[in-house]
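Peer 1: So that we are looking at the same thing, I have put the structure below in structure tokens.
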């Protein structure tokens, strides 16, 4: 591994001393942080939009091109658009891509509202057989009551019969956003689970399983969000004359479909090592949206996946050049080799992503990465510190480090299996030199 270039050293032992930005973001506590279409669909571990906006406004200028290689639901893309920057987004998760597309596509409110009225009316008046619209879901009756299956199928039938396009995608997201709410799963659980708390609410009559009423309410609320985005788009066009472009360009941050030196700034919050099972989190929605495909194949493509094949980890010989990663792997190896390999695989996949971002960034371009620390197999992983060293091997220098308190518990999802993130770090890398593609 190449020797680290970590900028001005400080109290962090090789990294620049962190600058606390908690005050910068604390003013948003108790306020609506999900303006416009930011809150159009729940998505795990997304950051409040003010964080990518801070990075975009601090390290780029109007007219620049911004990349998010792990875009999730598209928070960075929407903030880039509002700030007059064009953007590209990448994510392996098909639902993430759909949410991001809807989140960043302005739709004319009058036509959208008229389409919503026709759709809701057709759903209300449908009393036909919809059994053919119910997807094959493992343990289907465990997750949904018979009347809910029928109502969801009725909604799906009429949404899917719409003309394909942006409006249909919008209503698919409206539909998707109610699926967990009308299932038997606890809506506050990260991964679908029929909890004792949910059962108690059922017994007390505090839950609603009226899918059609939920859908109508979802459409009504999201029409307001869509109108907000349309108005914002008008302001953006007036302010910047030419509307910034937004494009979702692929599903693999390790193989980016962009030319060399074509991006001015990258901003992202990457996945964590075996922290959030992204396929499981939205499995009910994905079955209904016909996005699931082969769950095992999708999971295997996700950076940070806990899936590992025996042939791979049994043949793996731990040998890495990053001291802190070496210590972490040694500690986890004492418990089991597969878990250690999962952690190694995560950082190796992140290294490949760093190399690709290096390739598409312009010389001296910045890369802002929001990360925290996580615990896996009861071993604390200093993720941001290890990623800083991994980035240095891929041609980046750590220029600044910011730290801030995680302030929005509604958006904050547990990112590991032992505890919650209390503080996040923003690493600001500068592309210093061409990456050398060498394994850890």
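Residue numbers (this note's numbering): -15 to 424.
Glycine residues also receive a C-beta, built at the ideal position from the N, C-alpha and C atoms.
All figures in this text were calculated on a predicted structure; none of them were measured in a lab.
1) Measuring CB to CB, does residue 121 end up less than 8 angstroms from residue 271?
2) Beta-carbon within less than 6 angstroms of residue 323's beta-carbon, same chain only, minus the 5 sequence neighbours each way: which residues are those?
3) Look up residue 334 in the DSSP assignment and say whether it is helix, strand or coil.
4) Strictly by DSSP, which residues pair up with residue 409?
5) Once the 5 residues before and after residue 367 are set aside, which same chain residues still bring their CB inside 8 angstroms of it?
6) Cutting at 7 angstroms between CB atoms, please list the residues of its own chain near residue 275, excluding the five before and the five after it.
7) Could you check what DSSP says for residue 49 in three-state terms: helix, strand or coil?
8) Taking residue 185 as part of the alpha helix (DSSP H), name the residues at either end of that continuous run.
9) Do you know offhand how far residue 103's Cα is from residue 142's?
10) With DSSP as the reference, label residue 240 as helix, strand or coil.
11) Express the C-alpha separation of residue 203 and residue 396 in angstroms, rounding to a whole number.
12) Residues in its own chain within less than 8 angstroms of residue 423 by CB, not counting five upstream and five downstream?
13) To the nearest angstrom, how far is the alpha carbon of residue 207 from that of residue 97?
14) Just mark residue 294 as buried or exposed, buried being the case when its beta carbon has 16 or more other beta carbons within 10 Å.
15) List the DSSP bridge partners of residue 247.
16) Look at the Cβ atom of residue 290, then the Cβ atom of residue 326, and state whether they are nearer than 8 angstroms.
17) Would you call the CB atoms of residue 65 and residue 247 closer than 8 angstroms?
18) For residue 321, which residues from the same chain have a beta carbon less than 8 angstroms from its beta carbon, with the 5 sequence-adjacent residues on both sides left out?
19) Should residue 377 be labelled buried (16 or more other beta-carbon atoms within 10 Å of its own) or exposed?
20) In its own chain, which residues sit with a C-beta less than 7 angstroms from the C-beta of residue 235, not counting the 5 before and 5 after it?
21) If you draw a straight line from the C-alpha of residue 412 to the C-alpha of residue 3, how long is it?
22) Under the three-state reduction of DSSP, which class applies to residue 70: helix, strand or coil?
23) Is there contact between the segment 44 to 61 and the segment 78 to 92, where contact requires at least three CB pairs shorter than 8 angstroms?
24) Enumerate in chain order the residues of its own chain whose CB-to-CB distance from residue 419 is below 6 angstroms, with the five nearest sequence positions on each side excluded.
25) Going along the chain, which residues of its own chain have a beta-carbon closer than 6 angstroms to the beta-carbon of residue 20, five neighbours each way excluded?
26) Considering only the beta carbon of each residue, do residue 370 and residue 265 sit closer than 8 angstroms?
Peer 2: A quick look at the data gives this:
1) Looking up residue 121 in the chain shown gives position 137. Looking up residue 271 in the chain shown gives position 287. Yes, Cβ-Cβ distance for residue 121 and residue 271 is below 8 angstroms.
2) Residue 323 sits at position 339 when you count from the first residue of the chain shown. Excluding residues within five positions, the ones whose Cβ falls inside 6 angstroms are 316 and 361.
3) If you number the chain shown from 1, residue 334 lands on position 350. Correct three-state label for residue 334: helix.
4) Numbered from its first residue, the chain shown carries residue 409 at position 425. Paired residue(s): 355 and 387.
5) The residue labelled residue 367 in the question sits at position 383 within the chain shown. The residues are 256, 257, 355, 356, 357 and 358.
6) Residue mapping note: residue 275 aligns to position 291 of the chain shown, counting from 1. Around residue 275: 78 and 79.
7) By 1-based counting over the chain shown, the position of residue 49 is 65. DSSP places residue 49 in strand when its eight states are reduced to three.
8) Here residue 185 is taken as the residue at index 201 of the chain shown, counted from 1. Note, residue 185: alpha helix (DSSP H), 180 to 187.
9) Position 119 of the chain shown, counted from the first residue, corresponds to residue 103. Position 158 of the chain shown, counted from the first residue, corresponds to residue 142. Within the model, the alpha-carbon separation for residue 103 versus residue 142 is close to 7 angstroms.
10) Start at 1 with the first residue of the chain shown, and residue 240 comes out as number 256. Residue state, collapsed to three classes: coil.
11) Residue 396 sits at position 412 when you count from the first residue of the chain shown. Residue 203 sits at position 219 when you count from the first residue of the chain shown. Per-residue confidence for residue 396 stands at a pLDDT of 38, beneath the threshold of 50, marking its modelled position as unreliable; no derived number is given.
12) Residue 423 sits at position 439 when you count from the first residue of the chain shown. Once the five neighbours on either side are set aside, the close Cβ partners of residue 423 are 332 and 335.
13) Position 223 of the chain shown, counted from the start, is the residue given in the question as residue 207. Position 113 of the chain shown, counted from the start, is the residue given in the question as residue 97. Between residue 207 and residue 97, the C-alpha separation is close to 7 angstroms.
14) By one-based count along the chain shown, residue 294 stands at place 310. The residue is exposed, with fewer than 16 neighbouring Cβ atoms inside 10 Å.
15) If you number the chain shown from 1, residue 247 lands on position 263. Paired residues: 345.
16) Start at 1 with the first residue of the chain shown, and residue 290 comes out as number 306. Start at 1 with the first residue of the chain shown, and residue 326 comes out as number 342. Taking the C-beta atoms as reference points, residue 326 is found nearer than 8 angstroms to residue 290.
17) What you label residue 65 is simply residue 81 of the chain shown in a count that begins at 1. What you label residue 247 is simply residue 263 of the chain shown in a count that begins at 1. Not a contact, by the Cβ cut-off of 8 angstroms.
18) Locating residue 321 in the chain shown gives position 337, counting from the first residue. Cβ neighbours of residue 321 beyond the five flanking positions: 297, 298 and 300.
19) Looking up residue 377 in the chain shown gives position 393. Result: buried.
20) Locating residue 235 in the chain shown gives position 251, where the first residue counts as 1. If we look at residue 235 and ignore the five residues flanking it on each side, its Cβ neighbours are 74, 75 and 76.
21) Taking the chain shown and counting its residues from 1, one reaches residue 412 at position 428. Taking the chain shown and counting its residues from 1, one reaches residue 3 at position 19. Whole-angstrom Cα-Cα distance: 12 angstroms.
22) What you label residue 70 is simply residue 86 of the chain shown in a count that begins at 1. DSSP places residue 70 in strand when its eight states are reduced to three.
23) yes
24) Sequence index remark: in the chain shown, residue 419 carries index 435 (1-based). Closer than 6 angstroms at Cβ, skipping near neighbours: 339, 342, 378 and 379.
25) Reading the chain shown from its first residue, position 36 is the one you call residue 20. Excluding residues within five positions, the ones whose Cβ falls inside 6 angstroms are 212, 213 and 216.
26) For the purposes of this step, residue 370 is taken as the residue at position 386 of the chain shown. For the purposes of this step, residue 265 is taken as the residue at position 281 of the chain shown. Going by C-beta atoms, residue 370 is not nearer than 8 angstroms to residue 265.
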